[in-house]
Amino acid sequence: MTVLEPRTAPPADYYRENLQSVVQYILDHHQEALHPEDLDWLASWHSSGQASQRLFVRLLMRKGPWIRTDRLQYAEVKNVEGALAELSQRRLVVLNDDAPADQLLGLLTVAEINSVFPVFALRFAPKRKKEWLEGLLSCYPDRILRERIGARIGWVRVTSTQILDRFRLIYFGSTHADLSAFVLRDLGMVRYEDYPLRGMTGHNPIDAADGALLDRLLELNQIERAFSSLPAIDGLAEACRRRLEAADTERTVDRRRSRLLNALGQWHERRDESDRALACYETSHRHPARERRVRLLMRTGHALEAQALLAEMRSGSWSVEEEIFTERFGNRGARDQVATDTRILVDPQPEPKAGTIESRALRDLADEGAWGVHLENVLPLMLTGLAFWDVIFASVPGAFTHPFQSAPHDLWWDDFAKPRETLIAQARQQLQQSPAVADVLLDCYDRKVGMACDLVHWRAIDRTLLERIVGVLPPTALLALISTVIRCPGRCRTGFPDLFVAWQDGSFAFVEVKGPTDQLQPQQRVWLRRLAAEGIPARVLRYRRQSSAACGT
Numbered sequence: 240m241t242v243l244e245p246r247t248a249p250p251a252d253y254y255r256e257n258l259q260s261v262v263q264y265i266l267d268h269h270q271e272a273l274h275p276e277d278l279d280w281l282a283s284w285h286s287s288g289q290a291s292q293r294l295f296v297r298l299l300m301r302k303g304p305w306i307r308t309d310r311l312q313y314a315e316v317k318n319v320e321g322a323l324a325e326l327s328q329r330r331l332v333v334l335n336d337d338a339p340a341d342q343l344l345g346l347l348t349v350a351e352i353n354s355v356f357p358v359f360a361l362r363f364a365p366k367r368k369k370e371w372l373e374g375l376l377s378c379y380p381d382r383i384l385r386e387r388i389g390a391r392i393g394w395v396r397v398t399s400t401q402i403l404d405r406f407r408l409i410y411f412g413s414t415h416a417d418l419s420a421f422v423l424r425d426l427g428m429v430r431y432e433d434y435p436l437r438g439m440t441g442h443n444p445i446d447a448a449d450g451a452l453l454d455r456l457l458e459l460n461q462i463e464r465a466f467s468s469l470p471a472i473d474g475l476a477e478a479c480r481r482r483l484e485a486a487d488t489e490r491t492v493d494r495r496r497s498r499l500l501n502a503l504g505q506w507h508e509r510r511d512e513s514d515r516a517l518a519c520y521e522t523s524h525r526h527p528a529r530e531r532r533v534r535l536l537m538r539t540g541h542a543l544e545a546q547a548l549l550a551e552m553r554s555g556s557w558s559v560e561e562e563i564f565t566e567r568f569g570n571r572g573a574r575d576q577v578a579t580d581t582r583i584l585v586d587p588q589p590e591p592k593a594g595t596i597e598s599r600a601l602r603d604l605a606d607e608g609a610w611g612v613h614l615e616n617v618l619p620l621m622l623t624g625l626a627f628w629d630v631i632f633a634s635v636p637g638a639f640t641h642p643f644q645s646a647p648h649d650l651w652w653d654d655f656a657k658p659r660e661t662l663i664a665q666a667r668q669q670l671q672q673s674p675a676v677a678d679v680l681l682d683c684y685d686r687k688v689g690m691a692c693d694l695v696h697w698r699a700i701d702r703t704l705l706e707r708i709v710g711v712l713p714p715t716a717l718l719a720l721i722s723t724v725i726r727c728p729g730r731c732r733t734g735f736p737d738l739f740v741a742w743q744d745g746s747f748a749f750v751e752v753k754g755p756t757d758q759l760q761p762q763q764r765v766w767l768r769r770l771a772a773e774g775i776p777a778r779v780l781r782y783r784r785q786s787s788a789a790c791g792t
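The sequence shown begins at 240 in our numbering and counts up one residue at a time.
Rendered as structure tokens:
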């Protein structure tokens with residue numbers, strides 16, 4: 240690993256070696272998942288000269304797909320023109336192709352457009368770049384625009400983007416990741432846990448079965464890209480739905496498939512095509528598919544079907560949003576009574592400004608002998624991350640596919656606990672048997688401090704504050720809280736009470752603070768009910784003006 244220094248140029252081969260390490264890793268461990276065209280691309284890459292490889296990596300790091308060649312100036316590439324020629328010869332890039340004119344116009348500055356199209360400038364005198372683009376595109380065909388622009392600048396486009404997407408998917412587990420992860424690590428800005436890498440089917444190295452899954456994920460990417468053409472192509476929406484309707488047993492694939500079905504269903508809803516929207520939602524396994532089905536069924540006069548679906552949702556919700564929907568649907572005027580001890584303080588001052596109400600509450604509580612801290616969801620997530628660190632970074636199929644992850648791919652999924660049920664049960668038993676649960680968390684803090692973990696916000700809670708908090712929380716309350724979160728971290732990201740407050744007698748509470756015009760949000764009510772169900776003290780501290788009538792929560 241190369242150690243980088245801030246504001247210091249990296250070694251000449253730094254970026255090239257990063258891509259080479261990805262390429263070599265894929266060849267060493269994932270070759271069974273590759274297609275013949277992937278191997279052809281790799282052969283072209285390996286046969287390219289060092290300078291050409293350096294330039295190619297730089298192109299990958301630029302915003303594209305079309306890039307101006309006159310802007311390619313890098314200290315490590317002495318002959319850019321020669322490197323481009325070799326990359327073009329090996330079909331890794333294409334030079335000055337028939338790019339859409341609007342994309343090429345976007346590469347020019349307003350001053351450059353003015354000089355390329357002086358007659359148009361004199362006649363119409365547009366001021367903003369948007370006016371330039373709209374005017375030129377309406378006045379000239381793409382061919383003429385390309386010829387004029389091509390006389391001023393050259394452009395390059397990286398080819399084989401689908402192959403590169405496949406490599407990203409194999410290495411990073413996502414087509415959106417890039418080589419910047421290497422830079423952040425090598426600058427020392429991010430430190431990652433050392434976890435074993437396993438393919439989506441649980442094999443290491445990734446095998447041909449994973450290759451089939453990668454093909455399906457890339458197919459889903461293609462379908463998503465096709466969505467932009469739905470209004471223009473008759474029958475495209477139905478063709479997309481048919482390609483999405485078959486469920487998949489692999490969690491990653493089915494989750495993405497369901498997301499696309501939901502998006503397609505919402506597109507049909509906007510066009511008042513209820514039957515087609517329902518057809519999309521019926522084969523989706525992600526929220527808000529069932530909510531949309533209930534609403535559409537009620538709207539189209541199928542109340543009995545809607546009620547049956549609601550009963551199914553209540554017996555096992557897919558998400559906290561779905562849980563809230565099933566509780567509130569059809570009970571718009573009803574307000575559930577949150578089982579909390581609500582305390583109302585009269586505020587003699589004008590209504591507190593946004594962002595200061597929690598500070599005001601902490602000052603008032605301190606005047607009464609209590610101490611507290613404003614952490615919201617940071618606190619339960621961090622406590623859970625420290626207590627279940629080994630569970631979070633455990634070797635689960637498909638959870639960790641590259642060395643730059645701060646969490647497993649499925650951390651926020653609703654079924655996060657399912658493949659880890661045994662691990663969670665074992666960890667919880669160890670915590671229950673521990674003579675001091677607080678010491679387990681503090682020990683993890685000392686060993687892992689600063690390491691990237693999506694559940695743990697190191698800057699928000701230092702060791703002194705953590706020690707103070709876990710010193711107040713009884714082991715039973717701490718275990719109950721973290722056990723709730725680890726079952727489904729994704730459902731616990733929002734809505735937790737604002738403050739942790741402790742009093743001199745050793746008591747404590749989680750306190751949600753509300754100003755004169757604030758109301759409890761649905762997810763806040765969910766958390767307050769969860770805490771009450773576990774016997775964990777929670778309350779609402781409401782401020783109101785002196786003259787206001789008392790208001791409920």
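Where a beta carbon is used, it is the ideal one built from N, C-alpha and C, also for glycine.
Note that this is a predicted model, so its numbers are computed, not measured.
Looking at the backbone, the Cα of L457 and that of L536 are separated by about 33 Å. Taking a contact to require three or more Cβ pairs closer than 8 Å, the segment 636-656 and the segment 412-428 qualify as touching. In this structure, the alpha-carbon of L548 lies about 25 Å from that of Q760.
For R496, the enclosing alpha helix (DSSP H) has its first and last residue at R490 to R509.
Rounded to the nearest angstrom, the gap between the Cα atoms of H524 and R494 is 7 Å. Taking a 10 Å sphere around the C-beta of V242, we find fewer than 16 other C-beta atoms and assign the residue as exposed. In the DSSP assignment, A528 is bridged to no other residue. Your pair A338 and R396 checks out as a contact, with CB atoms roughly 7 Å apart and the cut at 8 Å. When C-beta atoms of the segment 323-343 are compared with those of the segment 381-392, three or more pairs fall below 8 Å, so the two segments count as touching.
Counting C-beta pairs with one atom in each stretch, the segment 659-668 and the segment 683-695 have fewer than three that are closer than 8 Å, which means they do not touch. Of Q758, A748 and P755, the smallest CA-CA separation from R778 is found for A748.
By the Cβ neighbour-count rule, H285 is exposed, with fewer than 16 other Cβ atoms within 10 Å of its own.
For the 8 Å CB-CB criterion, R732 and A656 do not form a contact. In this structure, DSSP gives W305 an extended state, which the three-state scheme calls strand.
DSSP places Y782 in the uninterrupted beta strand (DSSP E) bounded by A777 to R784. When only Cα atoms are considered, F359 and L343 end up about 17 Å apart. Boundaries of the alpha helix (DSSP H) harbouring F411: T400 to F411, taken from the DSSP string. Per DSSP, E607 lies in no alpha helix (DSSP H) segment and is marked neither H nor E. When the Cα atoms are used, Q758 and R784 turn out to be separated by approximately 15 Å.
Taking 8 Å as the cut-off, the beta carbon of V750 is found closer than this to the beta carbon of L738.
The beta carbon of Y434 sits closer than 6 Å to the beta carbons of F632 and F639 from its chain, once the five residues preceding and following it are set aside; these are given in chain order. Rounded to the nearest angstrom, the gap between the Cα atoms of M552 and G345 is 49 Å.
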